[in-house]
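Under the working numbering, residues 14 to 201 are what the sequence shown spells out, in order. One structure is given below, encoded as structure tokens.
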Amino acid sequence: MKNLVFIYLLMFSVVSCINNNSVVNSETENPQNNDTVTVGTEQKKTETHKKKVSQEELMISKAIEISNYFYKSLLKQNYTEPNKFLHPDVFDVSTPDDFTASYKNAQIKMGKLAFVTLFDQGAKTQTDGENGVGDYCELIFDAQYKDGNLREKLIFFRKDSLKELKLLGYQYHQIVDEVKLTEKLRIK
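Shown next, in the form of structure tokens:
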């Protein structure tokens, strides 16, 4: 029995050495092949043609990240926390307390927030909108509350691509057809 274990260990170490040599040999045989990556004892080719991500897709990704934080705060009924993402231009027409009140009103009207699902999205760079020329993004959610559903829209804005995307508006309505994506932001 001891001999069997010894033979097994000997075969295992020989096989390991053979596998390691094949990786080393493949790297040294073709030293100019820069697209080879060795992970452990396996080789993987990296993609030589990466998909270029558009500014609109990057904006939507960032807006989704902010909205995740936004809705997690509302789930915890921490109504002031999402205000840190408000765009400074918002304060020309309302106060953070106005936004906090609108978040609370949705939950007072419909009960505690249960979950949300992304319904629609749109983004456009350097477009003229309510806040002037800049980058706009909208996310529309179906939000399920304890006592019913609401359709909600989060509107994001930045003056240019070097600025951070911020929350410009929050809308909700019980009639789902009342909350729509702005047509010029629709990605075609």
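From the three backbone atoms N, C-alpha and C, an ideal C-beta is built for every residue, glycine too. Fair warning: this is a prediction, and the values are worked out from it, not measured in the lab.
Report all residues from its chain with a CB closer than 7 Å to the CB of D133; omit the five preceding and five following residues, and keep chain order. I153 and L194
Give me the residue from Y183, F83, K172 and Q157 with the minimum Cα distance to T138. K172
What are the residues that DSSP puts in a beta bridge with K197? DSSP output for K197 lists no bridge partner at all.
In this structure, does DSSP put N118 in helix, strand or coil? helix
How many Å lie between F83 and P95 at the Cα? 5 Å
According to DSSP, what are the bridge partners of E151? G135 and I168
Would you call V106 buried or exposed, if buried means 16 or more other Cβ atoms sit within 10 Å of its Cβ? exposed
Boundaries (first-last residue) of the alpha helix (DSSP H) holding Y82: Q68 to L88
Examine the Cβ distances between the segment 165-181 and the segment 138-149 and report whether three or more of them are shorter than 8 Å. yes
What separation, rounded to the nearest whole angstrom, lies between the Cα atoms of K117 and E165? 14 Å
Report back the beta-carbon spacing between K159 and K122 to the nearest angstrom; my notes put them in contact at under 8 Å. Actually they do not touch by this definition, with Cβ atoms about 11 Å apart.
Going by alpha carbons, who is nearest to Q90 out of Y183, A119 and L167? A119
Determine the DSSP secondary structure at V210, reduced to helix, strand or coil. Since the first residue shown for the chain is 14 and the last is 201, residue 210 is missing from the structure and cannot be characterised.
Do R199 and G142 count as a contact pair if the criterion is CB distance below 7 Å? no
When burial is assigned at 16 or more other CB atoms within 10 Å of the CB, is S80 buried or exposed? buried
Taking 7 Å as the limit between beta carbons, can you name the residues of its chain near I73, skipping five residues before and five after? Q134, A136 and C150
So Y185 packs on F112, CB below 8 Å; how close in whole Å? Y185 to F112, Cβ: 12 Å. No contact.
What are the partner residues of Y158, as DSSP defines its beta bridges? L126 and G161
According to DSSP, simplified to helix, strand and coil, what is T93? coil
So, is I168 buried or exposed, given that buried needs 16 or more other C-beta atoms within 10 angstroms? buried
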